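Here's the structure, in structure tokens; my notes come after.
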Amino acid sequence: MSGLELFAAALGVIAVWLTVKQNPWCWPIGLVMVLLYSWIFFEVKLYSDMLLQVVYAVLQLYGWWQWTRAGRNHDGRQVSRLGGPSVLLGLAIGAVGSLLLGAAMAHWTDAAQPWLDAALTGFSLVAQWWMAQKRVQCWPLWIALDVIFVGLFIYKGLHLTAALYALFTLLAVQGWREWRADPALRA
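Residue numbering for the sequence shown is 78 to 264, as defined by our numbering.
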């Protein structure tokens, strides 16, 4: 565990808690966190996770804009649900992305867990996209992913990061509960 990992983990907790509360400051704080984690994952050869953090950086900017400027009145998005076909499409895109990235990582790098890391990356991108658009379905997907991330990070010796993702799991459960109760879903 390094001071950098400790700082990134603290920022992660703050960012996810702010996301649960639908506070748009989750995005700039999350941006700093993902940039720090890109370096941490590079150092332990989790290259798909490193690339994921770089993409997350772009998605942090997108989410910040969606939450603060999107919509007819430029007042940000409201919590909403995806329809069944949209959920299936998102999951299919995650699966295809996982397979392509896994094959690339297995063939061209010395990645520690190329297939698992790629699957977590592919589906995390779907969850992050849904979160940026305030889709309530992001939370159950995050719950599943975070549980698997905990195991991967324990395996790689990133115990603080594993604890962080265990906390993310609990926060995702809370986010799912709160977003499902959002008045915008009843409108």
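Note that the Cβ used here is the ideal one computed from N, Cα and C, for glycine as well.
Only a predicted model underlies this, so the values are computations on that prediction, with no experimental measurement involved.
| Just reading off the alpha helix (DSSP H) that residue 254 is part of, what are its end residues? | 236–257 is the extent of the alpha helix (DSSP H) around residue 254.
Go to residue 204, then tell me how far its alpha helix (DSSP H) extends in each direction, as first and last residue. Looking at the DSSP string, the run of the alpha helix (DSSP H) that includes residue 204 is 191–209.
Quiz prompt | Which listed residue (211, 90, 168) has its alpha carbon closest to that of residue 153 | solution = When only C-alpha atoms are compared, the closest one is 211.
| Nearest-angstrom Cα separation, counted from residue 250 out to residue 221 | Each residue's Cα considered, the two are about 10 Å apart.
Original post:
Is it true that the segment 231–251 meets the segment 115–124, where meeting means three or more beta-carbon pairs spaced less than 8 Å apart?
Top reply: Segment contact: the segment 231–251 against the segment 115–124, three or more CB-CB distances shorter than 8 Å; contact assigned.
Straight-line CA distance for residue 209 to residue 201? One C-alpha to the other measures close to 12 Å.
What's the C-alpha gap between residue 161 and residue 199? Each residue's alpha carbon lies about 19 Å from the other.
Quiz item: Among all the DSSP beta bridges, which residues are the ones paired with residue 158?
Solution: Residue 158 is not bridged to any residue.
Run of the alpha helix (DSSP H) containing residue 141, from where it starts to where it stops: Residue 141 -> alpha helix (DSSP H) spans 124–145.
Compare the Cα-Cα distances from residue 142 to each of 112, 168, 83, 100 and report the closest residue. For residue 142, the nearest C-alpha among the options comes from 100.
Exercise. Would you report the Cα separation of residue 170 and residue 195, rounded to the nearest angstrom?
Worked result: Inter-residue distance for residue 170 and residue 195 is about 13 Å (C-alpha atoms, whole angstroms).
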